[in-house]
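Going letter by letter, the sequence shown gives residues 22 to 869 in my numbering. These notes are about the structure you will find just below.
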Amino acid sequence: MPVRMSLLFSAPLVMKRGEETAPITLLPVQQEIETLVNTCRGLGVALEIETAIATTERIGYLFATTRQPFDVLHFSGHGSRHLDGASVLALEDETGIVRDLDAVELRRLIGNQPCRLAFLSACHSAGLADALIAAGVRHVVAINAADPVIDLAARVFAVRFYAALFAGRSVAEAFAAGRTAVATNDELRQWSDPETLQTLNMQEEVKFRLLREDDPVHQQPLVPAPPSGQLTFRRPPWQNTNLSPVAADPFVGRARELHAIAQALRNNRCVAIHGMGGMGKTALAEAAARWQHERNRWRDGVWRVALRNITTAYEARSRIAFVLGLAPETAESDATLAGALADRQSLLVLDDLDALLLHDRQGLVGMMRALLGTRFLKLLTTARLDLPGRIHHAPLELTCLTGADAQTAFLTYAPPIEKWGEWTPDEWRDLLRFLDGYPFPIRLAATAMRAARLSLRDLWCRLQANPQGTLRYPNDDEDRETSLAATLDLSYNVLPAAAQRAFALLSLFPAGLTRNAAQAIADIEAETLETVVHYGMAEWRGTADYAQCALPEPARRYAEARLAQQMPDALATYAPAALAYFAGLIEAADEAIIKGNERSGITILTLEQPNLERYLDWGYEQDTGNSGINWAARATARLRNYWNLTGERGRLEVLARLKRALDSARRSSDTTGEANVLQAIGDVQQFRKEVDAALRSYDEALRLYRALGARLGEANVLQAIGDVQQFRKEVDAALRSYDEALRLYRALGARLGEANVLAALSRLRIDDDVAASQQLLEQALALRRAIRSVYDEGVDLGNYGIALLQRGRGAEALPYLQRARAVFAAHGLTAQIAWMDWWIGQASGDGG
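Encoded structure:
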């Protein structure tokens, strides 16, 4: 039998004081869970863990329904002591308000024999031990009733205590090991109590108590022979989300705002955070979403959709569909997206709507109204400006931090106080007054102080010497008589020279730069990017596998001003290298898509989209094709597979981009680029059912490929022509085109093209010769498996099933659709699974 452990966590946001609310220090719930789990995972002990947020309802339900007592009950949260000396645990209600739990209620909720060992990792918790002992708990670890405890000390103790406990040591030995870990912790030894001057490790160690004290039962191990096995969860603590369990950057303060969001989400379908740049809107939205997800409020999860630089509602719908793993077709319209999400119980964070509000306000209104027309979906948005009134929402304006939160924020990023040099309380107060509770300048100033090893007095003197900064940002109508310009100047000036250059050049790249891109385009070392981030002037975005160093909005505008002042021709200088790099990136991503790694290719191109648009647009006008190659045109043509997978192939914007690429290729006399673009244009026209126009584009591309002797291009176009002819029911003509393409593919050894034609032929023969049709399909599938083209194997099966279904042959179609779904499911292709599920539903209800 595995050892059974219940982890109960409580992280309330505020406490009631009459009609007012007072913020509470936020506890890092997921960080504590991760720390404990990682400790236990490495022990090789069969351990079953159940995690839950500690509300009275959840605790009561947990202990009323468990079939047998837990071996260990761990509570982590706040505790306090009332004026009468009674200890209470600080639970939370639905919106994060403290709900005190005293010993009497605790005893009633847990019943008899709830567990063998309880660890109450909360201040003043020893006063509750008697209630647990009365319930039959043999071992209680708690904090002295008269004392608070530092979070770090509690985590250090817990890690060592559980490691020893599950290694088979006695409870007393494990307890002693935990106290030793606190006493010898190097980080705690660096800090001293300002009143007693005693180091914190010594002060914190004695606060932990094992009750009842001196009971002989503690000399026995809780688990004499720990069962070998793995750690498992009854309910995995972190799934159905794209948020990381722990924020990459510290989140400080804003407890009242988090409570306000939780309260607003109870009664509203949409909550809109708005405020000036640098106020921390994204960080607050992520913290609110993480708080909601920790409490398992949303059956289908909590998802953040990054919409920075997204300028059209269609792009926003596509990004939402991509994040949620929906089929690309669902982004075609507001109605199709809302239909796909009709019964979804999710919280969506639509982050950074600024570009949409500026460029496609009507489209944004339509999309959000459609999403809010679903049954359960709720939205949390961020933008500088409030949402239009036509979107029913609860607005939340984000302003400066409170004085206490501003101090905490500064201390979070600054060096330890003992490294501040000589300073006075007046200087400290004046500095905070100057920073004015504005989160981004606070972080910049504190980070610059740490990174440049400035004293507090030196930092304050430098800010006073330049209170309004030396630069004004282009088109910046925001102004505070405070600290933004001065702290940006300070942070920039203390950057090393290489980092100053990198910071300014990052403003040329709206999506940021990966380490490889920075090196290839501008000879910026990865270490230099890390330095810019270290000084708080940039941040890492993207994914763990594809990280981009990007500038937050206030810093980006400042960097643009710096670049315009120092290097007016920067775009012309670096754009050619940027275009060449991104053209190569598009080619590599397209190869990944062709070879079956669609998710990787799509993710890269989606994250880089703002960069791609900027430098392709530059290339259409500036790329002269001196080398005979128009990179912008060729790269644009290679986006056709991406557009197909993301559902963008039929958009007029795509067709307009391709026509710009075509004009550019012709101006630079790049015949190959011209042919490639013509083929891509034909694909879009074919998808839009503009078949005559598609045939004209394909015929022109075919003429160019033949003139170039480009037989692979010729074969690709012949297959595309065959597809159009099949659509027009011109069976004989289609057969001739396919046969000619097949001959060329086989002569070239192009097995992917051969498989494509065999799959097309299988659908062409589906009416006149079923046996031959099925044989052609199986030949195509065999080739797909040989070249590991997983995505296309599923597509071939799906398209064959759809072709049967469209002929009213649902019973024949169903096995092929199910096989397609199995292929997609085996490789985690969620959007394609959703696509097949829809068609399977159609086939199941078909009378054929």
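Note that CB positions come from ideal geometry on N, CA and C, so glycine has one too. This one's a predicted model, so the numbers in the text were calculated from it and none came from an experiment.
Query raised in the report: In three-state terms, what does DSSP make of E208?
Result: Three-state DSSP puts E208 in a helix.
Query raised in the report: At a cut of 8 Å, does the stretch 422-430 reach the stretch 390-397 through at least three beta carbon pairs?
Result: Segments in contact, no.
**Report entry** Cβ separation of L699 and S718, assumed to be a contact under 8 Å, to the nearest whole Å
**Finding:** Going by Cβ atoms, the distance from L699 to S718 rounds to 5 Å, so yes, they are a contact pair.
Query raised in the report: Taking C-alpha atoms, which residue in R233, F187, G668, L173 lies nearest to D207?
Result: L173 is the residue among R233, F187, G668, L173 whose C-alpha sits nearest the C-alpha of D207.
Report task. Please report the residue range of the alpha helix (DSSP H) in which M857 lies. Result -> M857 -> alpha helix (DSSP H) spans 851-865.
Requested in this report: Put R338 into one of helix, strand or coil per three-state DSSP.
Outcome: Three-state DSSP puts R338 in a helix.
Requested in this report: Less than 8 Å between the CB atoms is what I'm expecting for T262 and G322, so what's the real figure, rounded?
Outcome: Separation of the CB atoms of T262 and G322 is rounded to 5 Å, and the pair is thereby assigned contact status at 8 Å.
Query raised in the report: For N222, does the count of other Cβ atoms within 10 angstroms reach 16, so buried, or fall short, so exposed?
Result: Under this definition N222 is a buried residue.
**Report entry** Sequence-distant residues of its chain with Cβ nearer than 6 Å to S213 (five each side left out)
**Finding:** Closer than 6 Å at the Cβ level, and outside the excluded window around S213, lie T220.
Report task. Give every residue of the same chain whose Cβ lies closer than 8 Å to the Cβ of E443, excluding the five residues on either side of it in the sequence, and list them in chain order. Result -> Taking E443 as the centre and dropping the five residues before and after it, the same chain places the C-beta of S476, R478 closer than 8 Å to its C-beta, in chain order.
Query raised in the report: Around the Cβ of F343, are there at least 16 other Cβ atoms within 10 angstroms (buried) or fewer (exposed)?
Result: Burial call: buried.
Query raised in the report: Are there three or more Cβ pairs, one per stretch, closer than 8 Å when the stretch 270-277 is compared with the stretch 296-314?
Result: A contact between stretches requires three or more CB pairs, one per stretch, nearer than 8 Å, and the stretch 270-277 meets this requirement with the stretch 296-314.
Requested in this report: Assuming A768 contacts Q747 (C-beta within less than 8 Å), just tell me the rounded distance between them.
Outcome: So it is not a contact: roughly 23 Å between Cβ atoms.
Report task. Starting from A571, follow its DSSP beta bridges and name the residues at the other end. Result -> DSSP lists E560 as partners of A571.
Report task. Measure how close the beta-carbons of S512 and G557 come, nearest whole angstrom, since I'm counting them as under 8 Å. Result -> Rounded, the Cβ-Cβ distance is 6 Å, consistent with contact.
**Report entry** Collapsed DSSP secondary structure at A195 in the structure displayed
**Finding:** DSSP places A195 in the helix class (H, G or I) of the three-state scheme.
Requested in this report: Hey, could you find the ends of the beta strand (DSSP E) T667 is sitting in?
Outcome: From DSSP, T667 is part of no beta strand (DSSP E); its letter is neither H nor E.
Query raised in the report: So A136 is in the beta strand (DSSP E); what residue range does that whole segment cover?
Result: For clarity, residue 136 is Cys in the given sequence; the question names Ala instead. Boundaries of the beta strand (DSSP E) around C136: 136-142.
Query raised in the report: Going along the chain, which unbroken runs of the alpha helix (DSSP H) with 4 or more residues stay wholly within the stretch 825-849?
Result: Those alpha helix (DSSP H) runs which fall completely within the stretch 825-849 and span 4+ residues are 831-847.
Query raised in the report: With a CB to CB cut of under 6 Å and the five nearest residues on each side skipped, what residues in its chain are close to R290?
Result: So the qualifying residues of the chain are L393, K399.
Query raised in the report: Is there contact between the stretch 749-765 and the stretch 732-739, where contact requires at least three CB pairs shorter than 8 Å?
Result: Touching, yes.
Report task. Can you give me the Cβ contacts of A43 inside the same chain, cut-off strictly under 7 Å, excluding the 5 residues immediately before and after it? Result -> Around A43: V35, M36.
Requested in this report: Can you give me the Cβ contacts of A111 inside the same chain, cut-off strictly under 7 Å, excluding the 5 residues immediately before and after it?
Outcome: Only S31, P33, G98, H99, G100, S101, V119, D121 meet the Cβ criterion.
Requested in this report: Identify every run of the alpha helix (DSSP H) within the stretch 224-291, keeping only runs that are complete inside it and at least 4 residues long; order them along the chain.
Outcome: Segments of the alpha helix (DSSP H) lying fully in the stretch 224-291: 276-288.
**Report entry** the stretch 571-578 touching the stretch 528-542, judged by at least three CB pairs closer than 8 Å
**Finding:** Yes, the stretch 571-578 touches the stretch 528-542.
Query raised in the report: Within this structure, are the beta carbons of A198 and A185 separated by less than 7 Å?
Result: Against a cut-off of 7 Å, the Cβ pair of A185 and A198 comes out as a contact.
Requested in this report: Give the single residue among R757, A518, D644 whose Cα lies nearest to the Cα of L550.
Outcome: Out of R757, A518, D644, A518 has the C-alpha closest to the C-alpha of L550.
Query raised in the report: Taking C-beta to C-beta, are Q740 and V778 nearer than 7 Å?
Result: Cβ distance < 7 Å, so Q740 and V778 count as in contact.
Query raised in the report: What's the gap between the Cα of L47 and the Cα of R176?
Result: Rounded to whole angstroms, the separation of the alpha carbons of R176 and L47 is 15 Å.
Query raised in the report: D644 to Y602, Cα distance in whole Å?
Result: Taking the straight line from one Cα to the other gives about 14 Å.
Query - L569 to T402 span [Cα, whole Å] - result: A small correction: the amino acid at residue 569 is Gln; Leu does not occupy that position in the sequence shown. C-alpha separation (whole angstroms): 23 Å.
Query raised in the report: What do you get for K228, buried or exposed, if any count of 16 or more other CB atoms within 10 angstroms of its CB means buried?
Result: Answer is buried; the Cβ neighbour count reaches 16.
Report task. Tell me whether the beta-carbon of P349 lies closer than 7 Å to the beta-carbon of G668. Result -> Closer than 7 Å, so yes.
Query raised in the report: On the premise that V66 lies in contact with F140, defined as a C-beta separation below 8 Å, what is that separation, rounded to the nearest angstrom?
Result: Contact flag wrong, Cβ pair sits at about 17 Å.
**Report entry** Cβ pair T116, A283 closer than 7 Å
**Finding:** Yes, Cβ-Cβ distance for T116 and A283 is below 7 Å.
Requested in this report: Indicate whether A610 and L600 have their beta-carbon atoms separated by less than 7 Å.
Outcome: No. Outside cutoff.
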